[in-house]
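Okay, structure first, notes after.
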Amino acid sequence: MTTTATPVTGDTLMRNTNFRWLLCGGLVSMLGDQFSMLALPWLVLGLTDDSLSLGISVALMGGPRAVLIILGGTMADRYAPVRVMMISKFANAAILLALATLLLLGQASLPLVYAAALALGLASAFSIPAGTAILPQAVPPRFLQQANSLQMGVRQLTLLAGPLLAALVLSSKDSHGHTSSSALALAFAIDALTFLLSAWTLSKVRLLTSTAPAAARGMWMETKAGLALVWRDVSLRSCYGYWAVVAFFVLGPLQVALPMLAQQRLQGAAALGLLLGAHGAGTLLGMLASGIAGPWLRHHFGAVLLLADAMVGLLLMALGQISASWQGAVLLLLAGALAGYLQVAIFTWIQRRVPAAMLGRAMALFMAIFLGLAPLSAAATGWLMRHVSVGELFGIGGAMLLAAAVAAALFTTIPGIAGPESR
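Under our numbering, the first residue of the sequence shown is numbered 87, with each subsequent residue one higher.
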């Protein structure tokens, strides 16, 4: 595929050819991902009926992604993000087609499923940073905030609609009451097809800037150079450190304490579904609002970042005091809206601040913070809940997030950071 610079016309984002191909390809691929995300757990449970085996398969998929994502960012910068993304799409399609074929032949086994989960995790470690590095090289800078908003909004929509479509495909049962092998094979085959279709749409993208191949210095040296870039930039370093603190105090309560809250105070699984749905809807609204209100961040990015996090801290503290599902839904809708708004703004700020040749590594480090700290935060939350109530846990987490935002406002340069459109 040719990635030489080619002018792309259009005075609005949706008339931009590159963005239309990226948006359509992303929509197709992300919908397909939901089929595998549902099919893989049911395949493991159908083979074993063992929760430990399910946990191992999830760990095999998530572990390599958390460990190797920085290396994936280096590869994206070294060999061009479009090329790395294309290879990962074909690799994912091959893995999923192999799984589907094994199921149809009746040859699926737990070791083979483990191998497939590991391979999918490895592929995602390279595709995720490559995907985030493509957009700034594919659309004009003036469209970047709006492009991130729409692209992330589409991703959020697929998280809401994709599982429903996948559930229809996986509704067929075998004689033992498990999801049938043919239904599982169809789900994996659909996801493989979406990877191939999105690879075709990616081949239509022509980058606006040509990225020269990186000098052959060795992978470690190039990875080190990316880390050094973040460290030398005081604003980047401050924000990355701050986001690590935020991730630790927010992810655990949402992953572990929220289900416990639904079980102990509300109506169990139904209430948890309502709470998660409200948070997802709020995130979508926030992402869309970020595209509309992006120019307002021109001189206020750092201050808005800290103010929004402080508000989320207060919402988490209030969440620990609820007694009805609707109260939690309102609080999580607001928290999701703030998180979605910030997510788009943060991605855009990093993409505009970091040179294109280093963007894969910078974005990979950003995502490694959350992927690496999520399990640590969950484990710490689980341990802490042996000693405090669920209400106290949310109070502690929210108070720590609020304190982190106040401390960053007082002792770091974050409040003075300008937004992405000022650079």
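Glycine included, every Cβ here is placed at the ideal spot set by N, Cα and C.
Out of the options, point me to the one whose CA is closest to residue i's CA.
i: Ala394; options: Leu358, Val332, Thr244; result: Val332
i: Tyr200; options: Tyr326, Trp306, Ser143; result: Ser143
i: Leu182; options: Leu250, Met486, Ala396, Ile276; result: Ile276
i: Ala186; options: Leu488, Ala271, Ala330; result: Ala271
i: Gly148; options: Gln349, Arg101, Leu191, Gly207; result: Gly207
i: Ala174; options: Gly141, Ser210, Ala145; result: In the sequence as displayed, the identity of residue 174 is Ser instead of Ala. Looking at the Cα atoms, Ser210 is the closest of the given residues.
i: Gln407; options: Ala389, Leu362, Ile482, Leu245; result: Ile482
i: His473; options: Ala343, Gly118, Ala357, Arg439; result: Ala343
i: Trp107; options: Leu251, Leu283, Ser266, Leu246; result: Leu283
i: Met238; options: Ile500, Ala494, Ala431; result: Ala431
i: Leu405; options: Ala423, Leu340, Pro461; result: Leu340
i: Leu138; options: Leu109, Thr218, Leu196; result: Leu196
i: Ser376; options: Pro150, Phe229, Ser213, Leu250; result: Phe229
i: Leu251; options: Gly468, Gly132, Ala145, Met116; result: Met116
i: Glu308; options: Met403, Ile156, Val240, Pro345; result: Ile156
i: Ala152; options: Val114, Val320, Ser213; result: Ser213
i: Ala491; options: Gly327, Gly141, Met305, Trp306; result: Gly327
i: Asn102; options: Leu294, Asp135, Pro167; result: Leu294
i: Ala450; options: Leu313, Ala485, Asp136, Leu358; result: Leu313
Compute the Euclidean distance between the alpha carbons of residue i and residue j, then round it to the nearest angstrom.
i: Ser268; j: Leu189; result: 7 Å
i: Leu374; j: Pro226; result: 19 Å
i: Met471; j: Leu204; result: 31 Å
i: Leu243; j: Ala273; result: 19 Å
i: Gly96; j: Asn104; result: Annotation note: pLDDT 47 at Gly96 (below 50); position unreliable, coordinate value reported separately. Rounded to the nearest angstrom, the two C-alpha atoms are 10 Å apart.
i: Ala278; j: Gly112; result: 14 Å
i: Gln223; j: Arg292; result: 9 Å
i: Leu322; j: Ser258; result: 50 Å
i: Leu246; j: Gln349; result: 23 Å
i: Leu347; j: Leu479; result: 10 Å
i: Phe121; j: Leu418; result: 26 Å
i: Met172; j: Gly458; result: 25 Å
i: Leu315; j: Thr265; result: 49 Å
i: Ser466; j: Phe335; result: It should be noted that the sequence gives Ala, not Ser, for residue 466. If I take the Cα positions, the gap works out to 10 Å.
i: Ala216; j: Leu154; result: 13 Å
i: Ala219; j: Arg318; result: 20 Å
i: Gln193; j: Ala202; result: 14 Å
i: Leu256; j: Pro249; result: 10 Å
i: Leu254; j: Leu362; result: 21 Å
i: Leu360; j: Ala415; result: 7 Å
i: Leu109; j: Ala330; result: 29 Å
i: Ala311; j: Val170; result: 19 Å
Comparing the C-beta of residue i with each C-beta of chain B, is any distance below 9 Å?
i: Ala423; result: The chain labelled as chain B is not found in the depicted structure, where only one protein chain is given.
My understanding is that residue i touches residue j, with C-beta atoms under 8 Å, so please give their C-beta distance in whole angstroms.
i: Thr498; j: Ser324; result: 5 Å
i: Leu337; j: Ser475; result: With a Cβ gap of about 20 Å, Leu337 and Ser475 do not count as contacting.
i: Phe281; j: Gly118; result: 7 Å
i: Leu352; j: Pro501; result: That pair is no contact at about 38 Å.
i: Ala421; j: His365; result: 7 Å
i: Leu198; j: Gln437; result: Incorrect: roughly 39 Å between the Cβ atoms, too far for contact.
i: Ala494; j: Met403; result: About 18 Å separates the two Cβ atoms, so there is no contact after all.
Original post:
Are the stretch 286 to 294 and the stretch 119 to 139 touching, with three or more C-beta to C-beta distances below 8 Å?
Top reply: No, the stretch 286 to 294 is not in contact with the stretch 119 to 139.
Subject >> Sufficient close CB pairs (3 or more, under 8 Å) joining the stretch 225 to 236 to the stretch 161 to 181 >> reply: Under the three-pair Cβ rule at 8 Å, the stretch 225 to 236 does not count as touching the stretch 161 to 181.
Original post:
So does the stretch 365 to 373 actually touch the stretch 419 to 427, counting three or more Cβ pairs closer than 8 Å?
Top reply: Judged by Cβ distances under 8 Å, the stretch 365 to 373 makes contact with the stretch 419 to 427, as three or more pairs qualify.
Original post:
Touching or not, the stretch 442 to 459 and the stretch 396 to 406, by the rule of three or more beta carbon pairs under 8 Å?
Top reply: The stretch 442 to 459 vs the stretch 396 to 406: no contact.
Original post:
Using 8 Å as the Cβ pair cut-off and three pairs as the minimum, do the stretch 438 to 453 and the stretch 156 to 169 touch?
Top reply: These segments touch.
**OP:** Jot down the residue ranges of each uninterrupted beta strand (DSSP E) in the stretch 327 to 355, minimum 3 residues, whole runs only, in chain order.
**Re:** The beta strand (DSSP E) runs lying completely inside the stretch 327 to 355 and spanning 3 residues or more number zero.
Subject >> Length at least 4, wholly inside the stretch 163 to 232: the alpha helix (DSSP H) runs in chain order >> reply: For the stretch 163 to 232, the full-length alpha helix (DSSP H) segments reaching 4 residues or more read 167 to 191, 196 to 224 along the chain.
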